[in-house]
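Heads up: the structure comes next, in C-alpha cells.
2 protein chains.
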Amino acid sequence: MTQLEQARAGTITEAVQLVAQAECVEPDVLSARVAEGTVVIPLNKRNTGIRPVGIGKGLTIKVNANIGTSGDQADPEEELKKLRVAIDAKADTIMDLSTGGDITRLRRAVMENSTVPVGTVPIYQAAVEAVRSNGGIIHMTPDLVFSAVEDHARDGVDFMTIHAGVTLAALEQLRSQGRTTDIVSRGGAFLATWMLYHKAENPLYEQYERLLSIAREYDITLSLGDGLRPGCLADATDRAQIHELLTLGELAQRASDAGVQVMIEGPGHVPLDQVEAQVVLQKRLCNGAPFYVLGPLVTDIAAGHDHIACAIGGAVAGMAGADFLCYVTPSEHLKLPSVDDVREGVIAARIAAHAADIARGLERAINTDKEMSKARKGLDWDKQISLSIDPVKAKAYRSSSQPSSNDVCTMCGGFCAIKIIKDYFDS
Amino acid sequence: MTQLEQARAGTITEAVQLVAQAECVEPDVLSARVAEGTVVIPLNKRNTGIRPVGIGKGLTIKVNANIGTSGDQADPEEELKKLRVAIDAKADTIMDLSTGGDITRLRRAVMENSTVPVGTVPIYQAAVEAVRSNGGIIHMTPDLVFSAVEDHARDGVDFMTIHAGVTLAALEQLRSQGRTTDIVSRGGAFLATWMLYHKAENPLYEQYERLLSIAREYDITLSLGDGLRPGCLADATDRAQIHELLTLGELAQRASDAGVQVMIEGPGHVPLDQVEAQVVLQKRLCNGAPFYVLGPLVTDIAAGHDHIACAIGGAVAGMAGADFLCYVTPSEHLKLPSVDDVREGVIAARIAAHAADIARGLERAINTDKEMSKARKGLDWDKQISLSIDPVKAKAYRSSSQPSSNDVCTMCGGFCAIKIIKDYFDS
C-alpha cells in the first residue's frame, strides 16, 4: 500500500510519525491530511535511509534545490558538490535535472548521497536519449517516456515532475491566444514539439493510467508539472496557463483516487499583484493539493539576482498558501548555477519560506525570531550568529569588521541604539 | 517660496518640469500633487546642479542608499566610493549617516560629489558633538540640536530625518506596554536617553515651529523619523509605534500648513502579513504623505542576507502604496557595509521597487519587462544583458560560462526550451 492508502486505512506510518515529530503536529492530524491529499510525503518504497519530509497544509514551507548537468557542463563531481552544499544550506529536497553526460549514473550517485528526498523529470532523459540515438526529440516514443519513468522509479526517486497537462487542447489555446514567450518549460517544449510534429496527444496524458500504476507500485509522489507556465510577466495567468491548471486539477483527482500522492507545480514569472490569485486558484481547482512553485519571479529583468525576485514572489505565494518553493539561483537565465549560486539560491528561498511561515502564524517560526530579538537586545553575538539563517556568512561578516568594543558592531560603533538604551536603564 | 508654496500658488517650477519629464506625467498633475502633499521633491534651495527627484503618488518608487562613517570605521575615501557605487547602481537618493571622524567635512564632500538628492540625520551630529565635547548624550542641548539642523541646511542637504514623534507620552506608552527590543533607532535612542534623564520633552517636538522655520527657509523636505520603529517582528504595529505615527500625522499636517514638504518614515521589522496594514495606516493617518520605509524586514534572522528580507518587505510595501524604499545591505545587524554591500543593497531594493511598480500598473515598468521577454524569446543576449537591472553582473555571469552554441546558455544547453520551440516553428 502507498502512504496515501495506508493513511486512508487509518494506519499511522513510520514516515507520518517522523514528519509529525519534526513538525510538532499530532500524527493522527497529519495522517488525516495525507489521506485527504492536502499533505504529501514523497518517499519511494525503495528509498530507505532518508529523513522523510512532509509538504502541505499546516507544515513549514519546504525548499527544493535543483542540481544537474547540461550538455554544456557535465561534470558529475561538481553536481555532487552542489548536492552537498544545498543540503548543508538546509534544502528540504533536491531535484536532479541532468540533461548532459551519463544521466543515469549521476542520478544514482545523487540518490546514494542525498539525505533528503530526491525528485527528477524523466521526460528529460527520454528526450536526451531520443536525440542521442535518433537525432531528434520527435523520435521520442511513448515507450521511451514510460521506460524513463520506470527507470527513475526503480532507482528510488521520491517524486517526479510529469507534464501531463500539456494537451493538444491546451496548445491550441496557447496558439489561438498568442504569447510573448510561448513555452519556457523544457518538459513542455519537448512534449509540444513531439505532439505538434506527430499531431498526437501527449502520451503522459493519454496513458495516464499507465503512469499511475508505476507511481502506485513504487509510491512515487507525482508533481504535476506546468509545461505551459508563463515565461514572462506578460504571459502570467493567461488562458493557456489556466487551461493546463484545470487539467492538472482533474489529473490530481485521478491520482488521488488511485492511491497516488500528488502535488501541483506552479509558475514561473508572475506580477506581484497576481501571485495571491494564482495560489487561490490552484488550491480551489486542485482540491487543496500541495502547491509547488518555481519562484514566482516578480520581474523579468533581475538576471544575476533572480534569487531575490524569486524570494519576493515565493514569500507572497507562501503567505497565500503555497507549500513548497523551488529555489531560483542568481545564475537563472544566464548559465548553469555554480556551487556558490546553489548556496545563495537555497538561502534566499529559505528566507522567503520562513517569512511566509511567520505570516501564516506558525508558532515555531515566530519563536525563532523572538529568540533572535532577545539575543540582539542582550548584545549576545554568538547567539545572534547561531540563530541566523546562514550562520556561516553572519560569522564571516562579523569577523571581517571588528568593533573596538565587543558588545556592538561597526555599523554604529559606540552609538549603538541598543547599547545606549541598555546602558541608560542598567545604570 | 518653497516648492510646496509655489505649487499651491499655481507656479510650475523647473524642478516640477524636470520630474514630470522623467516620470512621463503631466507637469500640472504633478504640481497639483506637490500642492496636496502626496508628492515631494527634496531640493534644498542651496543645492544646485543635481537632478531633482520626485517621490510619491503616481511616480516610480524610489530607492535610497545610506552611507557614512561610524566611530569604528571612519575612512572618508571609502564613503565617497560607496557614494559613487550607489549612484552607479542607480540609487535615487543618498543619506549620509556619519557618526565618526570629521562629520562636517565628509558631509560637504558628499554634497559636492552627489548627483542625486542628499539626506542626513542632524541629531546624529548633535549627539556625537555632545559626547566629544562633554562626555555624554545627556549633554546634548536643544540649541546644539537646532544648530546641527541649521548647519546641514546651510550645506545644502535636501531632506532630513527628524525624530519629532518621540514624545514623553510615546515613551510612556512604550514603557507601560513593554517591548522585546525597546528602541533600535539611533535618533530615537539619543532623544529618549536625553528626555528620560532630563525629564523633558523632545526639543524637536516642543520647538517644532523653530524647525519648520529653518526647513521653510532652505526648502528642506522633512522626513519625519520613526524613532520608536519596531526593531523586531514581535514589536511591530504595537501601541508605541502607532502612537508615534499618530504624532507624525499631526506634525506632517503642521509642516504642510507651514509650506514645508514632508514625508513619513516607517519600519523596520514587520511580519509580512502586517506590511500592507502598515502602509494603509500611514496613508490614512498622514493624509497621503509619501511613505519612506526602511525595509521592512520580514524576518529577524536573515543577518548576512538582510537585503533579501528587505526586498520582500519593500516589494509588498510598495505594492500597498509605499513610495520610497530605504535599502538594507547584506551587512545589516553585523557591520558597517562595504562598497560591495552597498551595491548589493541598491540592486535588491531596486528589484523590489520595480516589482512593486509593475504590481501598481505603472506602464513604463511593465514595458521594460516586455522588452526583456521579447529579447529572451529572440535569444538576443546583448539586449537581455543591457535590459537587466544589473547589466554588469549579468554580463559577468554569462561570460563566466560559455555555451557551445552562442544562442543558448549553459543552463539547458541545446535543450533550451525557447530554442527548441523556435527551431520547430521556424523550420
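Protein chains in written order, with this note's numbering: chain A, 1 to 427; chain B, 1001 to 1427.
Here a beta-carbon is modelled for each residue, glycine too, at the ideal position from N, C-alpha and C.
Could you check the C-alpha separation between Cys1232 of chain B and Asp369 of chain A for me, to the nearest Å?
Reading the second sequence from its first residue, position 232 is the one you call residue 1232 of chain B. Reading the first sequence from its first residue, position 369 is the one you call residue 369 of chain A. Each residue's alpha carbon lies about 8 Å from the other.
Between Glu1332 of chain B and chain A, is there a C-beta pair that is closer than 9 Å?
For this step, residue 1332 of chain B is matched to residue 332 along the second sequence. Chain A contact via Cβ: present.
Determine, for Phe291 of chain A, whether the minimum Cβ-Cβ distance to residues of chain B falls below 9 Å.
On the first sequence, residue 291 of chain A is found 291 positions in, with the first residue counted as 1. Chain B has no Cβ within less than 9 Å of the Cβ of Phe291 of chain A.
Run through chain A and tell me which residues come within less than 8 Å of Thr1181 of chain B, C-beta to C-beta.
In the second sequence, counting from the first residue as 1, residue 1181 of chain B sits at position 181. Chain A residues near Thr1181 of chain B: Ser373, Arg376, Lys377, Ile418.
Grouping DSSP H, G and I as helix and E and B as strand, with all else coil, what is His152 of chain A?
Along the first sequence, read from residue 1 onward, the residue named residue 152 of chain A stands at position 152. In this structure, His152 of chain A counts as helix in the three-state DSSP scheme.
Report yes if the CB atom of Ser98 of chain A is closer than 9 Å to the CB atom of Met1411 of chain B, and no otherwise.
Numbered from 1 along the first sequence, position 98 holds the residue referred to as residue 98 of chain A. Numbered from 1 along the second sequence, position 411 holds the residue referred to as residue 1411 of chain B. The beta carbons of Ser98 of chain A and Met1411 of chain B sit no closer together than 9 Å.
So what does DSSP say about Asp53 of chain A, is it helix, strand or coil?
Translated into the one-based positions of the first sequence, residue 53 of chain A becomes position 53. One detail in the question is off: residue 53 of chain A reads as Val in this sequence, not Asp. Of the three classes helix, strand and coil, the one that applies to Val53 of chain A here is coil, per DSSP.
Verify whether the separation of the beta carbon atoms of Gln73 of chain A and Ser1401 of chain B is less than 9 Å.
In the first sequence, counting from the first residue as 1, residue 73 of chain A sits at position 73. In the second sequence, counting from the first residue as 1, residue 1401 of chain B sits at position 401. Going by beta carbons, Gln73 of chain A and Ser1401 of chain B fall inside the 9 Å limit.
Mind checking which residues open and close the alpha helix (DSSP H) that includes Ser1399 of chain B?
Taking the first residue of the second sequence as position 1, residue 1399 of chain B is located at position 399. Segment 1391 to 1399, the alpha helix (DSSP H) holding Ser1399 of chain B.
Gln253 of chain A CB to nearest chain B CB: under 9 Å?
Sequence index remark: in the first sequence, residue 253 of chain A carries index 253 (1-based). Taking 9 Å as the threshold, the shortest C-beta distance from Gln253 of chain A to chain B does not fall below it.
Could you work out which residues of chain A lie near Pro1203 of chain B, taking near to mean beta carbons separated by less than 9 Å?
Walking along the second sequence from the start, residue 1203 of chain B turns up at place 203. Within chain A, no residue has its CB atom less than 9 Å from the CB of Pro1203 of chain B, the nearest being about 18 Å off.
Would you mind sorting Tyr1218 of chain B into buried or exposed? The rule is 16 or more other CB atoms within 10 Å of its CB.
Indexing the second sequence from 1 puts residue 1218 of chain B at position 218. Tyr1218 of chain B is buried by the Cβ-count criterion.
Excluding five sequence neighbours on each side, which residues of the same chain lie with their C-beta closer than 6 Å to the C-beta of Asp390 of chain A?
Position 390 of the first sequence, counting from 1, holds the residue named residue 390 of chain A. These residues qualify, in order along the chain: Ile347.
Sheet register partners of Lys1062 of chain B (DSSP bridge)
Counting from 1 along the second sequence, the entry for residue 1062 of chain B is found at position 62. Paired residues: B:Phe1324.
Curious, which full-length beta strand (DSSP E) runs of at least 3 residues does the stretch 1103 to 1156 of chain B contain?
Here the runs fully enclosed are 1118 to 1120.
For Glu271 of chain A, I'd like the list of residues in its chain whose CB is within less than 7 Å of its CB, leaving aside the five on either flank, ordered along the chain.
Locating residue 271 of chain A in the first sequence gives position 271, counting from the first residue. Checking the sequence shown, residue 271 of chain A turns out to be Pro, not Glu. Closer than 7 Å at the Cβ level, and outside the excluded window around Pro271 of chain A, lie Leu233, Ala236, Val298.
Exposure label - Cys24 of chain A; buried when at least 16 CB within 10 Å
The sequence position of residue 24 of chain A within the first sequence is 24, counting from 1. By the 16-neighbour rule on beta-carbons within 10 angstroms, Cys24 of chain A is exposed.
Shortest alpha-carbon distance to Ala1192 of chain B belongs to which of B:Ile1138, B:Gly1249, B:Thr1221?
Counted from its first residue, the second sequence places residue 1192 of chain B at position 192. It is B:Ile1138.
From B:Ile1183, B:Ala1375, B:Asp1357, B:Pro1290, pick the residue whose C-alpha is nearest to that of Val1166 of chain B; which is it?
Position 166 of the second sequence, counting from 1, holds the residue named residue 1166 of chain B. Checked all of B:Ile1183, B:Ala1375, B:Asp1357, B:Pro1290; the closest Cα to Val1166 of chain B is B:Ile1183.
Which residue from B:Lys1062, B:Val1034, B:Ser1031, B:Val1053 puts its Cα closest to that of Arg1350 of chain B?
As a first step, residue 1350 of chain B must be located in the second sequence, where it is residue number 350. The shortest C-alpha separation from Arg1350 of chain B is found at B:Lys1062.
Chain B residues whose Cβ lies nearer than 8 Å to that of His305 of chain A
Sequence index remark: in the first sequence, residue 305 of chain A carries index 305 (1-based). Residues of chain B passing the Cβ test: Ile1347, Ala1348, Ile1351, Ile1389, Asp1390, Lys1393.
Mapping DSSP to helix, strand and coil, what is Met1160 of chain B?
Within the second sequence, the letter at position 160 stands for residue 1160 of chain B. In the displayed model, Met1160 of chain B falls within a strand according to three-state DSSP.
Would you identify the three-state DSSP class for His269 of chain A, choosing helix, strand or coil?
As a first step, residue 269 of chain A is located in the first sequence; it is residue number 269 there, counting from the start. It is a strand residue.
Cβ of Gly135 of chain A within 9 Å of any chain B Cβ:
Here the question's residue 135 of chain A lines up with position 135 in the first sequence. It does not: the Cβ of Gly135 of chain A has no partner Cβ on chain B nearer than 9 Å.
Span separating the alpha-carbon of Gln1177 of chain B from that of Thr1002 of chain B:
The residue you call residue 1177 of chain B lines up with position 177 of the second sequence. The residue you call residue 1002 of chain B lines up with position 2 of the second sequence. Straight-line Cα distance between these residues: approximately 41 Å.
Which term fits Lys1199 of chain B, buried or exposed, when burial requires 16 or more other beta carbons within 10 angstroms of its beta carbon?
Start at 1 with the first residue of the second sequence, and residue 1199 of chain B comes out as number 199. Under this definition Lys1199 of chain B is an exposed residue.
In chain B, what lies closer than 7 Å to Val298 of chain A by C-beta?
Mapped onto the first sequence, residue 298 of chain A falls at position 298. Ala1315, Ala1355, listed in chain order.
If I follow the unbroken alpha helix (DSSP H) through Leu1362 of chain B, where does it start and stop?
Here residue 1362 of chain B refers to the residue found at position 362 of the second sequence. Per DSSP, Leu1362 of chain B lies in no alpha helix (DSSP H) segment and is marked neither H nor E.
Along chain B, in chain order, which residues have C-beta atoms closer than 8 Å to that of Ser430 of chain A?
In this structure chain A extends from 1 to 427, so residue 430 of chain A is not present and cannot be described.
Limits of the unbroken alpha helix (DSSP H) element including Met1095 of chain B
One-based indexing of the second sequence puts residue 1095 of chain B at position 95. Looking at the DSSP string, Met1095 of chain B is not in any alpha helix (DSSP H); the run it does join, the beta strand (DSSP E), is 1093 to 1096.
Identify whether Thr1193 of chain B lies in helix, strand or coil by the three-state DSSP scheme.
Residue 1193 of chain B sits at position 193 when you count from the first residue of the second sequence. Three-state DSSP puts Thr1193 of chain B in a helix.
Under 7 Å from the C-beta of Asp1273 of chain B: neighbouring residues of chain A:
For the purposes of this step, residue 1273 of chain B is identified with residue 273 of the second sequence, where counting begins at 1. Residues of chain A with a Cβ closer than 7 Å to the Cβ of Asp1273 of chain B are, in chain order, Met319, Ala359.
Taking three-plus beta-carbon pairs below 8 Å as touching, is the stretch 99 to 112 of chain A in contact with the stretch 139 to 147 of chain A?
Fewer than three Cβ pairs drawn from the stretch 99 to 112 of chain A and the stretch 139 to 147 of chain A lie within less than 8 Å of each other, which leaves the two stretches out of contact.
Applying the 10 Å Cβ sphere with the 16-neighbour rule, what's the burial state of Gly136 of chain A?
One-based indexing of the first sequence puts residue 136 of chain A at position 136. Flag for Gly136 of chain A reads exposed.
Alpha carbon of Asp151 of chain A to alpha carbon of Ile312 of chain A, nearest angstrom:
Counted from its first residue, the first sequence places residue 151 of chain A at position 151. Counted from its first residue, the first sequence places residue 312 of chain A at position 312. Each residue's Cα considered, the two are about 37 Å apart.
Could you pull out every unbroken beta strand (DSSP E) segment of at least 3 residues lying fully inside the stretch 1336 to 1383 of chain B, listed in chain order?
Segments of the beta strand (DSSP E) lying fully in the stretch 1336 to 1383 of chain B: there are none.
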